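Visitor: In full-length UniProt numbering, the protein residues as written are 1 to 431.
Quick reminder that beta carbons are idealized off the backbone N, C-alpha and C, glycines included.
Note that this is a predicted model, so its numbers are computed, not measured.
Here it is: the structure, laid out below.
This is the structure:
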């Protein structure tokens with residue numbers, strides 16, 4: 001039973017950031033933008049081209065067919081993961097990634113993608129509007145692998161997380177065969193040692209492609225380092241019978257603190273996909289990511305946020321978001337965070353889980369009360385407080401719980417269970 005629970009949690013939430021800490025925020029690039037960036041660093045990628053209309057998709061597919069003699073893969077461009085298992089809200093098209101056997105197929109597929117909303121596990125029920133599609137050559141893939149460069153805060157060093165088993169089911173690999181997940185910490189200035197490269201190539205079972213693999217990995221790290229990236233994820237890196245090693249899909253997130261020196265990349269950021277919540281979160285410097293559930297979570301600290309999402313999942317609930325106010329949040333930020341969840345129509349219950357360190361619990365409660373004065377709460381709130389000034393916070397709210405719609409619960413497990421119960425009741429009322 002424990003294994004099945006753990007697998008379910010890990011499968012839903014596995015990212016490189018689960019093995020090493022990576023910030024949720026950052027400047028996100030579309031796949032086609034990430035591929036262009038990789039090209040600048042001489043990283044091998046498939047031939048591909050962007051299209052913004054069905055007619056352009058037809059022309060691009062014809063070009064790919066003439067150049068390669070193969071079909072094309074049509075990929076919806078959104079700033080979110082899970083495209084392959086997503087679906088379009090306004091029509092019956094399943095998946096945001098399709099193989100087109102001929103140019104006419106590519107045009108038809110593009111017609112059903114462009115201008116429509118792709119719903120994925122990360123997009124929320126409204127989905128993300130597809131404004132462009134990226135067409136790439138159809139590859140003769142013999143093997144799929146996984147690579148991700150990120151930052152390991154505990155080790156104070158960049159790290160490469162990699163596996164000889166890649167593709168869409170990397171989450172299952174991490175649970176079923178964790179021995180196939182490897183990590184290599186990297187010297188920030190000198191990069192990989194020869195010994196590390198040899199070990200990586202061996203662990204990936206790419207001895208027959210040693211030189212091109214080594215070069216690709218070295219160049220990927222240079223790209224990661226020089227662009228101030230939080231993450232460069234290749235899933236999958238593939239081995240093809242004719243073209244050898246290629247990075248078939250790529251996600252890149254740039255540290256937004258480095259925007260001042262990565263101006264060209266910052267200017268490429270597509271903000272059309274940003275929801276009002278994401279715009280508000282950026283305005284108040286809040287770490288916010290929608291997830292798709294109906295329990296709005298407000299926490300302080302990424303570790304507590306992940307633990308909160310996991311315990312909700314354990315009790316068969318689902319977080320609507322990752323919302324981290326951090327340790328140094330001020331009153332205005334906290335009011336904005338509460339209002340953000342109150343105004344989110346996907347949220348049925350608000351779960352505030354705070355461990356006060358730098359953040360004072362009494363100031364948080366004052367912010368909650370101020371937010372209610374500005375915009376009276378219409379959703380139940382489950383409140384768990386521990387740490388700095390938590391007793392003072394409890395005194396402030398004592399006797400006002402019913403007025404504010406607040407359910408105070410000090411126990412972590414108990415508060416999570418209560419949030420899940422209230423969310424289920426609210427969802428049932430909607431049916």
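For residue 142, which of helix, strand or coil comes out of DSSP?
Guide: Correct three-state label for residue 142: strand.
Visitor: Quick check on the DSSP output: the alpha helix (DSSP H) that includes residue 391 runs from which residue to which?
Guide: Run containing residue 391: 390–397, per the alpha helix (DSSP H) assignment.
Visitor: With which residues is residue 387 paired in a DSSP beta bridge?
Guide: Looking at the DSSP assignment, residue 387 forms a beta bridge with 356.
Visitor: Bridge partners of residue 184, per DSSP?
Guide: The partner list for residue 184 (beta bridge, DSSP) reads 160.
Visitor: Put residue 420 into one of helix, strand or coil per three-state DSSP.
Guide: Note: residue 420 maps to helix in three-state DSSP.
Visitor: In angstroms, rounded to a whole number, what distance separates the CA positions of residue 14 and residue 171?
Guide: A caution first: residue 14 carries a pLDDT of 47, below 50, which makes its placement in the model unreliable, though a value can still be read off. Looking at the two C-alpha atoms, the distance is approximately 6 angstroms.
Visitor: I believe residue 428 touches residue 312 by the beta-carbon criterion, under 8 angstroms. Please report the beta-carbon distance rounded to the nearest angstrom.
Guide: Rounded, the Cβ-Cβ distance is 17 angstroms, inconsistent with contact.
Visitor: Where does residue 54 sit, in a helix, a strand or coil, going by DSSP?
Guide: Helix.
Visitor: Quick check on residue 21: does DSSP put it in helix, strand or coil?
Guide: Only weak support exists for where residue 21 lies, its pLDDT of 44 falling under 50; the value from the coordinates is given anyway. Note: residue 21 maps to coil in three-state DSSP.
Visitor: Apply the 10 Å Cβ neighbour rule to residue 436 and answer buried if 16 or more other Cβ atoms are within range, or exposed otherwise.
Guide: Residue 436 cannot be examined here, being either before or after the span of the chain that is shown, 1 to 431.
Visitor: Would you tell me roughly how many angstroms separate the C-alpha atoms of residue 193 and residue 393, rounded to the nearest one?
Guide: Whole-angstrom Cα-Cα distance: 53 angstroms.
Visitor: From residue 64 to residue 102, what does the alpha carbon distance come to, in whole angstroms?
Guide: Cα-Cα distance, rounded: 10 angstroms.
Visitor: Near residue 414, what residues of its chain come up, given a Cβ to Cβ distance below 6 angstroms and the 5 sequence neighbours on each side ignored?
Guide: Answer for residue 414: no residue qualifies.
Visitor: Kindly give me the distance between the Cβ atoms of residue 141 and residue 223, rounded to whole angstroms, as I take these residues to be in contact under 8 angstroms.
Guide: About 23 angstroms separates the two Cβ atoms, so there is no contact after all.
Visitor: Kindly list the residues whose CB is nearer than 6 angstroms to the CB of residue 47, restricted to its own chain and excluding five residues on each side of it in sequence; keep chain order.
Guide: Cβ neighbours of residue 47 beyond the five flanking positions: 137.
Visitor: Given 8 angstroms as the limit, is there contact between the segment 331–339 and the segment 277–288, that is, 3 or more CB pairs closer than that?
Guide: Contact between the segment 331–339 and the segment 277–288 is present, because at least three Cβ pairs lie under 8 angstroms.
Visitor: To which residues of the same chain is residue 304 closer than 7 angstroms at the C-beta, ignoring the five residues directly before and after it?
Guide: If we look at residue 304 and ignore the five residues flanking it on each side, its Cβ neighbours are 353, 355.
Visitor: Check the DSSP bridge columns for residue 342 and list the partner residues they point to.
Guide: Answer is none; residue 342 lacks a bridge partner.
Visitor: Here's the rule: buried if 16 or more other CB atoms are within 10 angstroms of the residue's CB, otherwise exposed. What is residue 411?
Guide: Answer is exposed; the Cβ neighbour count stays below 16.
Visitor: Cα separation between residue 232 and residue 160?
Guide: About 9 angstroms.
Visitor: Three Cβ pairs or more, each shorter than 8 angstroms: is that satisfied between the segment 114–130 and the segment 32–47?
Guide: The segment 114–130, when compared against the segment 32–47, does not touch it at the 8 angstroms Cβ threshold.
Visitor: Skipping 5 residues on each side, what residues in its chain have a beta carbon closer than 7 angstroms to that of residue 406?
Guide: Closer than 7 angstroms at the Cβ level, and outside the excluded window around residue 406, lie 381, 383, 397.
Visitor: According to DSSP, which residues form a beta bridge with residue 323?
Guide: 288.
Visitor: Using three-state DSSP, classify residue 41 as helix, strand or coil.
Guide: Looking at residue 41 - three-state DSSP - the assignment turns out to be coil, as it is neither helix nor strand.
Visitor: Looking at the secondary structure, which residues open and close the beta strand (DSSP E) in which residue 125 lies?
Guide: Where residue 125 is concerned, there is no enclosing beta strand (DSSP E), given that its DSSP letter is neither H nor E.
Visitor: Just the Cα atoms here: how many angstroms apart are residue 49 and residue 252?
Guide: Distance between the alpha carbons of residue 49 and residue 252: 18 angstroms.
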